[in-house]
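Using the working numbering, the first residue of the sequence shown is number 2, and each one after it goes up by one.
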Amino acid sequence: MSVLSLDVFWKKLAESGLLSADKIPEVQAACLDAMKQSGSLGNQTALSAQWLVRQGIVTLWQAKQLVKGNASGFFMGDYRLLEKHEMPLGGVVYRGRHEPTKQSVSLVPIDDPASHRVEVWTEIVRHVERAAETISPVLSRTWALESTGEHRFIVCEDLGSAVSILSPGQTSRWPIVEAVLAAFSVCRGVAEIHRLGGVHGSISTR
Numbered sequence: 002m003s004v005l006s007l008d009v010f011w012k013k014l015a016e017s018g019l020l021s022a023d024k025i026p027e028v029q030a031a032c033l034d035a036m037k038q039s040g041s042l043g044n045q046t047a048l049s050a051q052w053l054v055r056q057g058i059v060t061l062w063q064a065k066q067l068v069k070g071n072a073s074g075f076f077m078g079d080y081r082l083l084e085k086h087e088m089p090l091g092g093v094v095y096r097g098r099h100e101p102t103k104q105s106v107s108l109v110p111i112d113d114p115a116s117h118r119v120e121v122w123t124e125i126v127r128h129v130e131r132a133a134e135t136i137s138p139v140l141s142r143t144w145a146l147e148s149t150g151e152h153r154f155i156v157c158e159d160l161g162s163a164v165s166i167l168s169p170g171q172t173s174r175w176p177i178v179e180a181v182l183a184a185f186s187v188c189r190g191v192a193e194i195h196r197l198g199g200v201h202g203s204i205s206t207r
């Protein structure tokens, strides 16, 4: 796989919309100056990407995409995509930010071809409306179902800021108190799903 040249990398950043055009020259100059001062002799494209991440100008995921030569796919309508997470059972969740309000969110794309069928889309809308009614602090909040251009997606609470539960696989034995609290939280979440008339898949510690 060929290495992206430094000039092309900066062009891709400009094309991506992640940074306004008027700021590109200033940021580029600062980056090049920092690399000269450090005396780094490695891959200049990779070093530039790492510098941008350290400065908080782009996220690690965005930087990796730019280094691959990708200049698109960083926005869904008014939402800037910050991180991409592949789900174990399939599907993708993005951490993002609503640009007008700077609100952190999670975005779940609906890209299954079957969703274009009226009956399937109607069922998706019904499930999203029910999820939006939840009052449980255990479940992540669902805020909206949006469509913009070719993108259709569910807007949810920022899952990255939610409290995570330690995986039992990380220790030989899970402390009893923590295990009970985790099980209780799961039960509360399932009860809320049932209250809304919803269904859930298999629940397992594995």
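Cβ atoms here follow ideal geometry from the backbone N, Cα and C, with glycine treated the same way. Just so it is clear, the structure is predicted and the values come from calculations on it, not from any experiment.
Cβ-based burial, residue i [other Cβ within 10 Å; buried from 16]
{"i": "residue 178", "result": "exposed"}
{"i": "residue 46", "result": "buried"}
{"i": "residue 107", "result": "buried"}
{"i": "residue 136", "result": "exposed"}
{"i": "residue 185", "result": "exposed"}
{"i": "residue 181", "result": "exposed"}
{"i": "residue 115", "result": "exposed"}
{"i": "residue 60", "result": "buried"}
{"i": "residue 90", "result": "exposed"}
Among the options, nearest to residue i - alpha-carbon criterion
{"i": "residue 77", "options": "18, 189 and 188", "result": "18"}
{"i": "residue 142", "options": "128, 157, 192 and 131", "result": "157"}
{"i": "residue 88", "options": "8, 34 and 160", "result": "160"}
{"i": "residue 144", "options": "118, 174 and 105", "result": "105"}
{"i": "residue 101", "options": "111, 118 and 79", "result": "79"}
{"i": "residue 67", "options": "93, 43, 190 and 5", "result": "5"}
Identified DSSP bridge partners for residue i
{"i": "residue 60", "result": "Bridge partners of residue 60: none, in fact."}
{"i": "residue 74", "result": "Beta-bridge pairing links residue 74 to no other residue."}
{"i": "residue 97", "result": "82 and 106"}
Close Cβ partners of residue i (< 6 Å) along its chain, the five nearest in sequence each way excluded
{"i": "residue 32", "result": "49 and 52"}
{"i": "residue 82", "result": "75, 95 and 97"}
{"i": "residue 152", "result": "77"}
Beta-carbon contacts of residue i that lie in its chain and below 8 Å, excluding the five residues immediately before and after
{"i": "residue 126", "result": "146"}
Would you mind listing the alpha helix (DSSP H) stretches within the segment 111-194 that are 4+ residues and don't spill past its ends, in chain order? You should have 119-133.
For the segment 5-71, which segments carrying the alpha helix (DSSP H) assignment without a break, of at least 4 residues, lie completely within its bounds, in sequence order? Complete alpha helix (DSSP H) runs here, min 4: 7-17, 25-39, 45-55 and 61-68.
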